[in-house]
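Notes follow the structure.
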Amino acid sequence: MAEILVKNGYVIDPAQKIDGDVADVAIRDDKIVESVSSGARVIDARGKVVMAGALDVHAHVAGPKVNVGRLFRPEDKLFKSPEAQPNYRVEMGFSVPSTFKTGYDYARMGYAFVMEAAMPPLHSPHVHEEIHDTPIIDQAALPVFANNWFVLEYLKKGEIENSAAYVAWLIRATKGYGIKLVNPGGTEAWGWGLNCLKLDDPVPFFDVTPAEIITGLMKTNEYLGLPHSIHIHQNSLGDPGNYTVTLDSLKLAKGMKAKNKFGRTQVMHSTHLQFHSYGGDSWANFESKAKDVMNYVNQQKNITIDLGCVTLDETTTMTADGPFEHHLNALNHLKWANTDVELETAAGVVPYIYDKDIKVCGIQWAIGLELGLFTKDCMRTFITTDHPNAGPFFRYPRVIKWLMSQKAREATLETFKHRDKVIDATEIHGIDRELTLYEIAQMTRAGPAKALGLAGMYGSLAPGMDANVAVFNLDYKKMPSNPEKIEQAFQRALWFIKSGEIVVKDGEITSHGNKRTLWVNAKVKENPQVVRDIHEKFIKDYTVNLDNYPVRDYLAPNPFVIDVDVEA
Amino acid sequence: MPKIVTDVGCPYCGASCDDLEILVSDDGKKILEVYNACAIGNEVFHHASSPDRLKRPRLRQPDGTYQEISYDEAVDYTAKVLLKAKKPLIYGFGSTNCEAMSAVGRVAEKSGAVLDNCASICHGPSFLAIFDNGYPSCTLGEVKNRADVVVFWGCNPMHAHPRHTSRYSIFPRGFFTEKGQRQRKMISIDPRETETAKLADIHLMVQQGHDYELFDAFRTVLRGHDIPDEVAGIRKEAILEAAGIMKNARFGMIFFGMGCTHTDGRNHNVDIAISLTRDLNTVAKYSIMAMRGHYNIAGPGQVWSWQFGFPYCIDLTKGTHAHMNPGETSSIDLAMRDEVDAFINIGTDAGAHFPIDAVKHLRKHPFITIDPNICMASEISDLHIPVAVVGVEEAGVVYRMDNVPIQFKKVVDPPEGVISDEQLFDRVYLRICELTETEPTWIPAKGHAKAPVTAGQ
Numbered sequence: 057m058a059e060i061l062v063k064n065g066y067v068i069d070p071a072q073k074i075d076g077d078v079a080d081v082a083i084r085d086d087k088i089v090e091s092v093s094s095g096a097r098v099i100d101a102r103g104k105v106v107m108a109g110a111l112d113v114h115a116h117v118a119g120p121k122v123n124v125g126r127l128f129r130p131e132d133k134l135f136k137s138p139e140a141q142p143n144y145r146v147e148m149g150f151s152v153p154s155t156f157k158t159g160y161d162y163a164r165m166g167y168a169f170v171m172e173a174a175m176p177p178l179h180s181p182h183v184h185e186e187i188h189d190t191p192i193i194d195q196a197a198l199p200v201f202a203n204n205w206f207v208l209e210y211l212k213k214g215e216i217e218n219s220a221a222y223v224a225w226l227i228r229a230t231k232g233y234g235i236k237l238v239n240p241g242g243t244e245a246w247g248w249g250l251n252c253l254k255l256d257d258p259v260p261f262f263d264v265t266p267a268e269i270i271t272g273l274m275k276t277n278e279y280l281g282l283p284h285s286i287h288i289h290q291n292s293l294g295d296p297g298n299y300t301v302t303l304d305s306l307k308l309a310k311g312m313k314a315k316n317k318f319g320r321t322q323v324m325h326s327t328h329l330q331f332h333s334y335g336g337d338s339w340a341n342f343e344s345k346a347k348d349v350m351n352y353v354n355q356q357k358n359i360t361i362d363l364g365c366v367t368l369d370e371t372t373t374m375t376a377d378g379p380f381e382h383h384l385n386a387l388n389h390l391k392w393a394n395t396d397v398e399l400e401t402a403a404g405v406v407p408y409i410y411d412k413d414i415k416v417c418g419i420q421w422a423i424g425l426e427l428g429l430f431t432k433d434c435m436r437t438f439i440t441t442d443h444p445n446a447g448p449f450f451r452y453p454r455v456i457k458w459l460m461s462q463k464a465r466e467a468t469l470e471t472f473k474h475r476d477k478v479i480d481a482t483e484i485h486g487i488d489r490e491l492t493l494y495e496i497a498q499m500t501r502a503g504p505a506k507a508l509g510l511a512g513m514y515g516s517l518a519p520g521m522d523a524n525v526a527v528f529n530l531d532y533k534k535m536p537s538n539p540e541k542i543e544q545a546f547q548r549a550l551w552f553i554k555s556g557e558i559v560v561k562d563g564e565i566t567s568h569g570n571k572r573t574l575w576v577n578a579k580v581k582e583n584p585q586v587v588r589d590i591h592e593k594f595i596k597d598y599t600v601n602l603d604n605y606p607v608r609d610y611l612a613p614n615p616f617v618i619d620v621d622v623e624a
Numbered sequence: 009m010p011k012i013v014t015d016v017g018c019p020y021c022g023a024s025c026d027d028l029e030i031l032v033s034d035d036g037k038k039i040l041e042v043y044n045a046c047a048i049g050n051e052v053f054h055h056a057s058s059p060d061r062l063k064r065p066r067l068r069q070p071d072g073t074y075q076e077i078s079y080d081e082a083v084d085y086t087a088k089v090l091l092k093a094k095k096p097l098i099y100g101f102g103s104t105n106c107e108a109m110s111a112v113g114r115v116a117e118k119s120g121a122v123l124d125n126c127a128s129i130c131h132g133p134s135f136l137a138i139f140d141n142g143y144p145s146c147t148l149g150e151v152k153n154r155a156d157v158v159v160f161w162g163c164n165p166m167h168a169h170p171r172h173t174s175r176y177s178i179f180p181r182g183f184f185t186e187k188g189q190r191q192r193k194m195i196s197i198d199p200r201e202t203e204t205a206k207l208a209d210i211h212l213m214v215q216q217g218h219d220y221e222l223f224d225a226f227r228t229v230l231r232g233h234d235i236p237d238e239v240a241g242i243r244k245e246a247i248l249e250a251a252g253i254m255k256n257a258r259f260g261m262i263f264f265g266m267g268c269t270h271t272d273g274r275n276h277n278v279d280i281a282i283s284l285t286r287d288l289n290t291v292a293k294y295s296i297m298a299m300r301g302h303y304n305i306a307g308p309g310q311v312w313s314w315q316f317g318f319p320y321c322i323d324l325t326k327g328t329h330a331h332m333n334p335g336e337t338s339s340i341d342l343a344m345r346d347e348v349d350a351f352i353n354i355g356t357d358a359g360a361h362f363p364i365d366a367v368k369h370l371r372k373h374p375f376i377t378i379d380p381n382i383c384m385a386s387e388i389s390d391l392h393i394p395v396a397v398v399g400v401e402e403a404g405v406v407y408r409m410d411n412v413p414i415q416f417k418k419v420v421d422p423p424e425g426v427i428s429d430e431q432l433f434d435r436v437y438l439r440i441c442e443l444t445e446t447e448p449t450w451i452p453a454k455g456h457a458k459a460p461v462t463a464g465q
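These protein sequence lines map, in sequence, to chains A and W.
Following the working numbering, the numbering of the first sequence begins with 57 at its first residue and continues without gaps.
Following the working numbering, the numbering of the second sequence begins with 9 at its first residue and continues without gaps.
What follows is the structure, given as structure tokens:
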């Protein structure tokens with residue numbers, strides 16, 4: 057029995073409404089408890105901030121397109137990889153780090169859980185192979201559904217029950233976590249080099265619209281009562297003027313109620329909203345519509361979002377939105393990788409440089425932060441960079457710095473070549489809001505834990521929770537006047553205890569920890585039509601046999617399975 | 009009663025078929041019949057049941073003969089060779105599973121070795137082109153369900169990937185291709201009249217070594233410019249006709265092989281093939297795919313990219329970084345410069361595939377072969393360690409030529425006492441830790457029953 061006492065820190069735990077009280081956090085084995093014996097190992101956190109382990113609701117960290125990004129960008133390694141810690145694995149890569157570096161860097165920032173945001177079902181064994189080579193952090197993965205032929209056919213006919221039976225089967229087969237939508241219908245259209253840019257653009261051949269797919273999968277999700285809501289990357293990503301499409305798709309959630317046993321209250325998670333909050337009708341008059349979008353999000357309690365902040369780095373964009381990557385490649389003319397996946401989805405990968413001296417990049421940077429600053433509910437607004445699309449995940453501390461400090465924002469704005477044009481096209485310059493540590497903890501801990509249906513395990517320091525505790529070098533009573541200190545503190549935790557084990561001390565990895573893979577086992581009653589459809593499609597259309605398709609158990613060796621019983 | 013094992017993966021070519029059915033003897037030990045496989049795949053399975061299979065490692069004696077030793081002794085020998093060498097090279101991996109590729113990553117890092125795979129002498133030039141120009145590709149099912157124009161450039165699947173055309177690319181009836189072959193136009197570009205060329209609607213007999221010019225002519229024509237009356241030995245009219253077919257595709261596919269990567273131009277041929285694919289995507293939907301040779305030669309490119317960020321030619325001798333620089337850290341170049349002072353050949357046959365001068369240099373130093381079978385490399389080795397045949401006696405993940413992971417099954421047990429590649433590398437790793445008096449670091453998620461977890465170290 058291992059006991060640890062994190063003593064006298066400034067505890068910030070929004071789930072318990074604790075904001076900076078000096079208190080102790082007691083750990084026995086892998087759980088937080090009320091108290092421990094006098095023999096417990098004591099960690100002195102006096103004068104430091106103590107938070108629960110953080111959760112990343114959306115990052116591309118494992119799987120085929122992530123690995124294409126690694127494979128085809130040797131330049132992402134050259135002079136950009138730190139030295140390995142003695143006795144730990146090498147840490148290669150910048151924007152698309154190796155699995156080892158991914159696990160280590162998240163742990164160094166005090167992250168306990170990371171959601172792989174898009175798993176192509178056919179490639180799910182690959183996703184799990186990478187997850188099991190990623191140390192320390194707990195992970196889950198969202199299979200993509202919005203261009204899947206089964207789903208398109210069921211939803212065209214409005215067959216929610218069949219859709220639900222299929223979705224439950226696929227989540228089980230891929231050891232996935234929930235329902236991801238990427239460019240609904242548009243990625244299937246990309247099979248013919250086309251796209252669906254508006255919500256009523258019918259998908260070629262399948263003759264179903266993006267709006268029908270979104271609504272249908274939302275109903276499917278609530279029919280099943282999954283821990284997470286649908287998680288959507290909307291149509292028309294990255295296009296000037298796309299905020300109207302964004303608002304139209306957010307409005308599809310109107311009147312929908314969350315039905316689940318996991319404490320989740322939203323029915324739609326709208327991801328990397330920065331890429332979807334654009335005004336103007338060309339790159340010339342491109343402007344921020346963050347305020348319009350957030351005005352709507354603030355009113356609608358059944359929607360959660362994450363930011364997708366641009367960090368002004370050279371990075372690697374990757375998405376199941378195949379047509380978008382082709383479009384992006386036509387803009388920057390760098391190398392382009394694409395993988396269309398039979399019956400299911402596609403993916404594109406293009407390197408991208410968010411240059412502070414390009415006006416559009418500056419505006420994108422502002423939009424991401426504006427979303428976070430315009431929010432009225434930090435429990436429904438989460439910090440992400442859509443890693444690595446708008447920037448690498450290890451820039452979260454920098455995003456936190458910008459959100460917490462107007463001085464830091466202004467300092468960055470000052471470095472822009474087109475500062476005045478960026479100011480004209482955005483509202484960032486006039487915003488004096490500075491988020492508090494409590495709000496940051498909502499956006500990285502309590503909020504995402506609730507939205508993922510995991511508030512009973514993660515995101516809080518209450519007794520009974522998983523023992524994920526981070527100690528940061530920040531004095532709650534005397535926050536540094538230099539915002540750089542905020543970034544430094546969140547970059548390298550003083551201590552990080554993951555599942556009751558000390559995995560980071562002074563920003564260095566000290567153990568490979570106890571990593572787990574979370575997946576959802578949704579049990580629906582057998583549906584003979586869906587069973588027949590699955591068999592038929594595998595015989596006729598797939599090139600892999602059905603028997604070899606589901607991820608074998610040994611590939612997810614430390615599973616945490618969440619059972620969902622669907623009453624029908 | 010003999011029993012049938014279904015949905016078995018085939019450990020031969022990059023088509024990685026997973027629909028084989030194997031008739032196994034009553035006692036589950038012998039393979040009696042193989043259904044659905046091509047002639048070569050068929051032989052792989054029958055060979056596994058051969059009575060001549062080696063069951064124990066063999067160590068070369070001073071008199072030149074081989075003598076059987078135990079696996080423990082072989083593990084100890086290998087660990088010591090790796091530790092003693094300044095720049096050991098571990099090469100091969102076309103014919104093993106990803107579990108072994110992951111396990112060897114740990115060994116190579118710990119011992120400071122160079123890790124390389126058969127792409128180094130095969131589709132390495134394709135990697136160079138992909139680094140520069142990207143890779144617009146798709147899974148083979150997209151070809152089956154959508155493709156109406158299929159180009160085979162410098163490859164001959166009828167011989168090298170015998171079931172490719174029937175399972176994926178030409179004959180199958182897919183969702184949008186109900187008429188199968190009748191709905192597809194097939195173009196073969198090859199200096200030889202191969203069986204694939206004979207099957208094609210159009211065969212352009214490109215002048216050997218002039219592929220780049222022909223690619224360039226296609227790009228020129230597609231962009232609306234004129235070309236000379238003859239390019240690369242092909243008449244202008246024939247080029248225009250083929251370009252017209254390519255342009256009018258709904259979904260076009262370009263497969264390329266060694267005929268591009270190992271003729272004049274090499275990576276430049278692949279580079280311009282990718283550029284042609286990009287051009288074609290402005291008028292139709294197009295994808296391109298390397299015809300990878302072995303059933304899991306795409307595997308090391310995947311596993312090592314997620315572990316080290318590079319698909320091949322990975323120099324781990326620095327200890328703190330992985331370093332890739334083909335030409336400097338590629339197997340043949342290292343061997344030709346005599347920079348390698350220990351060599352492990354695994355899941356391939358460097359003895360048969362490397363230039364003789366490279367082999368002669370390698371042979372001056374400890375030379376170990378890890379392979380189920382006797383091959384040219386095993387016959388010149390100091391130590392030959394037989395292992396279970398992946399896909400027959402050992403399950404595991406393999407990556408098909410389109411990078412789709414296929415979970416191969418185990419059909420029969422290996423000969424008694426014979427271990428897998430993965431087990432072998434894990435034992436070598438543990439032995440290295442013992443010899444260096446260091447703690448083994450496992451990624452716990454690996455979750456081997458045999459892997460101790462470093463919890464609370």
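All residues carry an ideal CB built from backbone N, CA and C; glycine is no exception.
| field | Contacts around T302 of chain A, its chain only, beta-carbon distance under 7 angstroms, and the 5 residues preceding and following it disregarded | value | Here T302 of chain A has Q290, H332, S333 and V349 as same chain residues with Cβ atoms under 7 angstroms from its own Cβ, once five neighbours each way along the sequence are excluded.
| field | Between the CA atoms of K38 of chain W and L31 of chain W - distance to the nearest angstrom | value | For L31 of chain W and K38 of chain W, the distance between alpha carbons rounds to 9 angstroms.
| said: For the structure I just gave you, are there three or more beta carbon pairs, one from the segment 434–451 of chain A and one from the segment 153–165 of chain A, closer than 8 angstroms? | reply: Yes: the two stretches touch, three or more of their Cβ pairs being nearer than 8 angstroms.
| task | Just grab the DSSP bridge partners of F53 of chain W for me. | result | In DSSP, F53 of chain W forms no bridge with anything.
| Residues that M171 of chain A contacts on chain W, provided the C-beta gap is smaller than 7 angstroms | The contacting residues do not exist; M171 of chain A stays about 16 angstroms from chain W at best.
| request: Name the one or two DSSP bridge partners that F101 of chain W has. | output: Looking at the DSSP output, F101 of chain W shares a beta bridge with no other residue.
| request: Tell me whether C126 of chain W sits in a helix, a strand or coil according to DSSP, three-state version. | output: Here C126 of chain W sits in helix by DSSP.
| field | chain A contact residues for F53 of chain W, given Cβ-Cβ distances below 7 angstroms | value | By Cβ distance, chain A contributes nothing, its closest Cβ being about 17 angstroms from F53 of chain W, past 7 angstroms.
| message | Let's see if you can read the secondary structure: which residues bound the beta strand (DSSP E) around A79 of chain A? | response | In the DSSP assignment, A79 of chain A falls within the unbroken beta strand (DSSP E) covering I74 to R84.
| said: Alpha carbons only, please: which of W:E424, W:Y20 and W:F135 is nearest the one belonging to C46 of chain W? | reply: Answer by Cα proximity: W:Y20.
| request: Taking R608 of chain A as the query, report the chain W residues whose CB atoms sit under 7 angstroms from its CB, ordered along the chain. | output: Contacts between R608 of chain A and chain W, judged by CB atoms closer than 7 angstroms, involve Q415 in chain order.
| Leaving out the 5 sequence neighbours to the left and right, which residues in its chain are closer than 6 angstroms to T321 of chain A when beta-carbon positions are compared? | In the same chain as T321 of chain A, and ignoring 5 residues on each side of it, the C-beta atoms closer than 6 angstroms to its own belong to A314, in chain order.
| Positions along the segment 89–113 of chain W whose CB lies within less than 7 angstroms of some CB in chain A | Under the 7 angstroms Cβ criterion, the segment 89–113 of chain W contributes C106 and S110.
| task | Grab the span of the alpha helix (DSSP H) containing T360 of chain A for me, first residue to last. | result | Annotation for T360 of chain A: no alpha helix (DSSP H) segment contains it, though the beta strand (DSSP E) segment containing it runs I359 to D362.
| request: Give the DSSP-derived three-state secondary structure of V478 of chain A in the structure shown. | output: The DSSP-derived three-state label of V478 of chain A is helix.
| task | Verify the CB distance criterion: does R258 of chain W have a CB-CB separation below 8 angstroms to chain A? | result | At least one chain A Cβ lies under 8 angstroms of R258 of chain W.
| message | Quick check on the burial criterion: 16 or more other C-beta atoms within 10 angstroms. Buried or exposed for H361 of chain W? | response | Residue burial annotation: H361 of chain W is buried, with at least 16 other C-beta atoms found within 10 angstroms of its C-beta.
| query | Between which two residues does the beta strand (DSSP E) carrying T444 of chain W extend? | reply | No beta strand (DSSP E) contains T444 of chain W, which is instead part of the alpha helix (DSSP H) from D429 to T444.
| query | What residue range is occupied by the uninterrupted beta strand (DSSP E) comprising P413 of chain W? | reply | Following the DSSP letters along the chain, one finds P413 of chain W inside the beta strand (DSSP E) bounded by residues P413 to F416.
| query | Is the Cβ-Cβ distance between T371 of chain A and Y408 of chain A less than 8 angstroms? | reply | Yes, the Cβ-Cβ distance between T371 of chain A and Y408 of chain A is below 8 angstroms.
| task | Can you give me the start and stop residues for the alpha helix (DSSP H) that Y279 of chain A sits inside? | result | From DSSP, the alpha helix (DSSP H) with Y279 of chain A extends over P266 to L280.
| said: When you compare the CB of I393 of chain W with every CB in chain A, is at least one pair closer than 8 angstroms? | reply: In terms of beta-carbon proximity, I393 of chain W stays away from the interface with chain A, with every pair separated by 8 angstroms or more.
| request: Could you pull the start and end residues of the beta strand (DSSP E) that P615 of chain A belongs to? | output: Secondary structure note for P615 of chain A: its beta strand (DSSP E) is the uninterrupted segment P615 to D621.
| request: Quick one: give me the first and last residue of the alpha helix (DSSP H) that N275 of chain W is part of. | output: Bounds of the alpha helix (DSSP H) holding N275 of chain W are N275 to L288.
| said: Taking 8 angstroms as the cut-off, does the segment 50–64 of chain W touch the segment 334–352 of chain W (at least 3 CB pairs, one atom from each stretch)? | reply: Taking a cut-off of 8 angstroms for Cβ pairs, the segment 334–352 of chain W and the segment 50–64 of chain W do not touch, as fewer than three such pairs fall below it.
| List, in order along the chain, the chain A residues whose C-beta lies closer than 7 angstroms to that of V412 of chain W? | Within chain A, the C-beta atoms nearer than 7 angstroms to that of V412 of chain W come from L178, H179 and V600, in chain order.
| Secondary structure at I235 of chain W, three-state DSSP: helix, strand or coil? | Coil at I235 of chain W, not helix or strand.
| query | Candidates W:A240, W:T14 and W:V112: which alpha carbon is nearest A26 of chain W's? | reply | Contrary to the premise, residue 26 of chain W reads as Asp rather than Ala in this sequence. Nearest of W:A240, W:T14 and W:V112 to D26 of chain W, Cα basis: W:T14.
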